[in-house]
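So in the numbering used here, the last one in the sequence shown is 435, and the numbering has no gaps at all.
Everything below concerns the one structure shown next.
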Amino acid sequence: MTGDHYFTAEPTTDAQPREVEFSVADRDYRLASAGGVFSATRLDPGTAVLLRKADLPAADTTGELLDLGCGFGPIACVLADTAPTATVWAVDVNARARELTAANAARIGATDRVRVAAPDDVPGDVHFAQIWSNPPIRIGKEGLHDLLLRWLPRLAPDGVAWLVVARHLGGDSLHRWLADQGWQVERQASQKGFRVLRVTR
Ligand SMILES: C[S@@+](CC[C@H](N)C(=O)[O-])C[C@H]1O[C@@H](n2cnc3c(N)ncnc32)[C@H](O)[C@@H]1O
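Here's what the structure looks like:
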């Protein structure tokens, strides 16, 4: 046992390679995963609801998309696959998560279109047509708010952010807080206890 959380910067947990299989929009994925990252053994149910219920980017989407808190990269890979002319930024504080996401981008043949980065390594002038996140609720409410206050303002003027949060982990209070911050927030879907929020300016 170690004290690692999934958001530890440099996990010391045994890397124990694994594979996670899932399907989204009739495409099958088999991605590399490992100990020390979020939901290492299966596609997280919240992420599954997000990818099922949010509007995946159109095939001709261009510009920059963000997977905020990419983990081993399931969202980034689905975005890169469905929007082959877009660039996908996959950002995480966890170095192992970043390594896995880079490996998974290579697996799906999207190395040149997936930019894997630590948060401070994303150039400040990049703005996002879409932000996708199953955000790290476990960092605490203040940390979560700081994270969203840092990245949501980087949405392009007509951009859209898709978030999934479990209701019992504060999905509805996050909805209210975002609205109080001046964002337009719609509950796009509610399934299996997860709220899928669509956030625009
Ligand atoms: C709930 S997990 C989702 C992971 C992945 N997107 C998935 O669906 O399986 C949230 C991720 O956010 C990352 N994270 C935590 N704090 C962060 C921060 N300040 N900036 C970026 N990512 C962060 C964690 O390391 C974790 O990988």
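Where is the CB? At the ideal position from N, CA and C, for every residue including glycine.
Quick caveat: nothing in here was measured; it's all calculated off a predicted structure.
A straight line joining the alpha-carbon of Asn368 with that of Arg276 spans about 15 Å. In the DSSP assignment, Arg384 falls outside any beta strand (DSSP E) and within the unbroken alpha helix (DSSP H) covering Lys375 to Trp385. Asp315: member of the alpha helix (DSSP H) spanning Pro308 to Thr316, first to last residue. The DSSP-derived three-state label of Trp366 is strand. Nearest in C-alpha terms to Gln415, of all of Ile373, His361, Leu383 and Phe272, is Leu383. Ile371 and Val399 have their alpha carbons spaced roughly 8 Å apart. Apart from the 5 residues on each side of it in sequence, Gly270 sits with its Cβ closer than 6 Å to the Cβ of Asp238, Pro245, Thr247 and Arg330 in its chain, given in chain order.
Rounded to the nearest angstrom, the gap between the Cα atoms of Gly307 and Phe428 is 20 Å. In the three-state scheme derived from DSSP, where H, G and I count as helix and E and B as strand, Trp396 is classed as strand. In terms of CA proximity to Ala339, Cys311 leads the group Val356, Gly358, Cys311 and Ala320.
For Trp323, the three-state secondary structure derived from DSSP is strand.
Here Thr321 has Glu298 and Arg347 as same chain residues with Cβ atoms under 6 Å from its own Cβ, once five neighbours each way along the sequence are excluded. Boundaries of the alpha helix (DSSP H) harbouring Val283: Pro279 to Lys287, taken from the DSSP string.
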